[in-house]
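S.K.:
Numbering (our numbering), first residue to last: 375 to 518.
(1) Buried or exposed for residue 399, please, with buried defined as at least 16 other CB atoms from any protein chain shown within 10 angstroms of its CB.
(2) Got a sec, what are the start and stop residues for the alpha helix (DSSP H) residue 480 sits in?
(3) Report back the beta-carbon spacing between residue 409 and residue 490 to the nearest angstrom; my notes put them in contact at under 8 angstroms.
(4) Determine the closest residue to residue 488 out of 440, 470, 412, 473, with distance taken between C-alpha atoms.
(5) Please report the distance separating the alpha-carbon of residue 455 from that of residue 511.
(6) Can you grab the Cα-Cα spacing for the pair residue 386 / residue 393, in whole Å?
(7) Per DSSP, which residues does residue 419 bridge with? Please list them.
(8) Assess contact between the region 434–446 and the region 456–464, defined as three or more Cβ pairs (one per stretch) separated by less than 8 angstroms. Is contact present?
(9) By Cβ distance below 6 angstroms, which residues in the same chain neighbour residue 485 in space, the five residues on each side in sequence not counted?
(10) Between residue 446 and residue 513, which are expected to be in contact by the criterion C-beta below 8 angstroms, what is the C-beta distance as a whole number of angstroms?
(11) Closest to residue 404 by C-alpha separation, out of 448, 422, 390, 389, would be which residue?
(12) Nearest by alpha-carbon distance to residue 504: which of 473, 433, 492 is it?
(13) Put residue 406 into one of helix, strand or coil per three-state DSSP.
(14) Going by the CB atoms, is the gap between residue 431 and residue 444 shorter than 8 angstroms?
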């Protein structure tokens, strides 16, 4: 087992953990929910996602973890197919777009920088999405 196997495995585990947190929020949990939504100056959330939105994100993040595992061939029983590779390219694009952001509340080019969320976005969320994008790209190029 090489270094990249460990990094891919840890990244997949992190994605699964993010999935679990979103399921927790969909079930009514509050832990961590105050720092994951962009806020306006009065620290009011820009939007409040519902249970369906949280479950949708959980499903998408879990799907990303599965695609990463299949592309890297951590389980040698299943070999990557065309759809897995394209799914990984979609993940590269989605995470890259998240890194760039919406030019107002999140991402590298956000304008609102004085909220608690923006600090977490600068030092945790955006770099994490950059990492995810990079890892998916490496998995595609290396092909396991």
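The beta carbon of each residue, even a glycine, is placed where N, CA and C say it ideally should be.
M.R.: Considering the structure as presented:
(1) What you label residue 399 is simply residue 25 of the chain shown in a count that begins at 1. By the neighbour-count rule (16 or more Cβ atoms within 10 Å), residue 399 is buried.
(2) Stepping through the chain shown from its first residue, residue 480 is reached at position 106. For residue 480, no alpha helix (DSSP H) run applies, since DSSP gives it neither H nor E.
(3) Here residue 409 corresponds to residue number 35 of the chain shown, with the count starting at 1. Here residue 490 corresponds to residue number 116 of the chain shown, with the count starting at 1. Indeed, because the Cβ distance is near 6 angstroms, the residues count as touching under 8 angstroms.
(4) Numbered from its first residue, the chain shown carries residue 488 at position 114. Of 440, 470, 412, 473, the residue nearest in Cα terms is 412.
(5) On the chain shown, position 81 is the one that residue 455 refers to. On the chain shown, position 137 is the one that residue 511 refers to. Residue 455 and residue 511: Cα-Cα distance of roughly 16 angstroms.
(6) Counting from one through the chain shown, the residue named residue 386 turns up at place 12. Counting from one through the chain shown, the residue named residue 393 turns up at place 19. Whole-angstrom Cα-Cα distance: 11 angstroms.
(7) Taking the chain shown and counting its residues from 1, one reaches residue 419 at position 45. Answer is 413, bridged to residue 419.
(8) The region 434–446 vs the region 456–464: in contact.
(9) Taking the first residue of the chain shown as 1, we reach residue 485 at position 111. Within the same chain, residue 485 has close Cβ partners 478.
(10) Along the chain shown, one-based indexing puts residue 446 at 72. Along the chain shown, one-based indexing puts residue 513 at 139. Sure, about 5 angstroms apart at Cβ, within 8 angstroms.
(11) To locate residue 404, count along the chain shown from 1; it is residue 30. Answer by Cα proximity: 422.
(12) In the chain shown, counting from the first residue as 1, residue 504 sits at position 130. For the residues 473, 433, 492, the minimum Cα distance to residue 504 belongs to 473.
(13) Stepping through the chain shown from its first residue, residue 406 is reached at position 32. Taken through DSSP and simplified to helix, strand or coil, residue 406 comes out as coil.
(14) Position 70 of the chain shown, counting from 1, holds the residue named residue 444. Position 57 of the chain shown, counting from 1, holds the residue named residue 431. If you check the CB distance, residue 444 and residue 431 do not come in under 8 angstroms.
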